[in-house]
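Residue numbers (the working numbering): 2 to 116.
Where a beta carbon is used, it is the ideal one built from N, C-alpha and C, also for glycine.
Okay, so here's the structure we're looking at.
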């Protein structure tokens with residue numbers, strides 16, 4: 002669950018090899034998900050995930066500070082949103098195939114009924 006919600010989302014763009022960069026992979030390929038502070042402490046800030054991609058050596062107790070620095074240095078780049086189960090179900094139903102040409106997720110194609 003955790004890995005899925007951090008890396009699969011309609012707002013996350015995947016890039017073909019020729020357009021991919023380390024910066025895009027680290028900053029745009031994952032999300033920070035807001036959860037109640039108490040849960041964040043209990044779960045060792047696992048949902049503050051972008052800094053982990055930038056530098057895996059950042060200890061869990063420094064992730065909030067690292068995220069603040071990333072957001073200040075690169076405003077609007079990292080995706081941060083509230084973790085809601087409704088969004089999870091929307092993602093699991095709508096993000097099945099990725100179209101690199103359009104940069105968008107889609108569902109599986111539906112079969113046409115015979116006339």
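Which first and last residues belong to the alpha helix (DSSP H) in which residue 80 is found? Taken as a continuous stretch (DSSP letters only), residue 80 belongs to no alpha helix (DSSP H), being part of the beta strand (DSSP E) at 80 to 83.
Among 57, 80 and 48, which has the Cα closest to the Cα of residue 14? 80
Three-state secondary structure (DSSP) of residue 56: coil
Kindly list the residues whose CB is nearer than 7 Å to the CB of residue 68, restricted to its own chain and excluding five residues on each side of it in sequence; keep chain order. 33, 49, 51 and 52
Checking the sheet assignment: what are the DSSP bridge partners for residue 100? 105
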